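Numbering (the working numbering), first residue to last: 2 to 83.
Ideal Cβ positions, reconstructed from N, Cα and C, are used throughout, including at glycine.
Bear in mind the structure is a predicted one, so any value in this text is a computation, not a measurement.
Quick notes on the structure that follows.
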Ligand SMILES: [Zn+2]
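Spelled out as structure tokens, the structure:
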């Protein structure tokens, strides 16, 4: 279970569900990957505190590595491609 902000540089403690943003990694993965890879990672929860959630988002990479990405960058990419 989550105990602190997913940002390693941030020490905010997880207290309330309505604060910040929760990411369930199992939901971020495609279903096919979930079935073939039904390991203990599936239920992994990551939480970003309210401050970090404004700046960062959680993404799962190709090798299932969890990465923090700046929201501004993802927005810029979306905007650019639209
Ligand atoms: Zn934080």
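Using a cutoff of 6 angstroms, the CB of residue 13 counts as near ligand 1, since one of the ligand's heavy atoms is closer than that. With a cut-off of 6 angstroms, the C-beta of residue 8 is classified as near ligand 1, since at least one heavy atom of the ligand falls inside that distance. Residue 21 places its beta carbon less than 7 angstroms from that of residue 51. In the displayed model, residue 68 falls within a strand according to three-state DSSP. Judged by DSSP secondary structure, residue 3 falls outside any alpha helix (DSSP H); it is assigned neither H nor E.
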